[in-house]
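Only one structure is covered here, and it is reproduced in the block below.
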Amino acid sequence: MKRVIRIQTSGGKVPPQAMQQLQGAGLNAQEVANIINDKVKPVASLGFQNLNVEVEYDDSTRRVIKVNVEYPPITDILLKVAGKDTPSHQAGKEIIGDLPLEKVAEVALIKMEELGSRTFKAALKQVVSTCKSIGLTVNGKDPKAVVKEIDQGVYDELISKYEKGPTSG
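Residues 17 to 185 (the working numbering) make up the sequence shown, in order.
Written out as structure tokens, the structure is:
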């Protein structure tokens, strides 16, 4: 039978009471904690400390099926990376900051599974487009122009680096 344990990370780590909960379910608590810590590390390093996590496991075999992390919205992550508190009040007209495409790619990697994108390139284009809606430029350019450049293959080297790199799952 499939069961779920809900955990809230504290300081980007699995708290002791959650470790007890995992052990009580007959799971290898340290192994599950390591999986959770690896999954929350990218956003915890940005200052998002208290994230909700669901650990799905099979009660009969005591095996973890899936670990889902509830990441903050893309806009919140992008603003944090840009060092801003609020988005532009006139997106498209008011520019509040600029991000290198490399940083945007890191956000796309974090959110890829949640976005439902089949490829990293598609996830990256979605996140670049989100930059425009909150008043951020990418590589000093309008995000619309960057999406066109992605389609033209200008950033294929960067994209392939992330497609081959560590993925969440």
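Glycine residues also receive a C-beta, built at the ideal position from the N, C-alpha and C atoms.
{"Check": "Cβ neighbour criterion (16 or more within 10 Å) applied to G28", "Outcome": "buried"}
{"Check": "Residues of its chain near E70, where Cβ-Cβ distance is below 7 Å and the 5 sequence neighbours each way are ignored", "Outcome": "V20, R22, N84"}
{"Check": "N- and C-terminal bounds of the beta strand (DSSP E) containing T153", "Outcome": "152-154"}
{"Check": "Endpoints, beta strand (DSSP E) assigned at Q24", "Outcome": "18-24"}
{"Check": "Residue ranges of each alpha helix (DSSP H) within the segment 63-104, 4 or longer", "Outcome": "90-98"}
{"Check": "Neighbourhood of M128 by C-beta, 6 Å cutoff - its chain only, sequence neighbours within 5 removed", "Outcome": "A139"}
{"Check": "Bridge partners - D114, DSSP secondary structure assignment", "Outcome": "T153"}
{"Check": "Cβ neighbours of K100 in the same chain (closer than 6 Å, five flanking residues each side left out)", "Outcome": "I112, G113"}
{"Check": "Sheet register partners of K55 (DSSP bridge)", "Outcome": "Paired residues: none, contrary to the question."}
{"Check": "Residue span of the alpha helix (DSSP H) that contains V163, given as start and end", "Outcome": "159-168"}
{"Check": "Beta-carbon proximity list for G151, same chain, < 7 Å, skipping 5 on both sides", "Outcome": "P103, S104, A107, E110, I111, I112"}
{"Check": "Where K29 falls: helix, strand or coil (DSSP)", "Outcome": "strand"}
{"Check": "Cβ neighbour criterion (16 or more within 10 Å) applied to T77", "Outcome": "exposed"}
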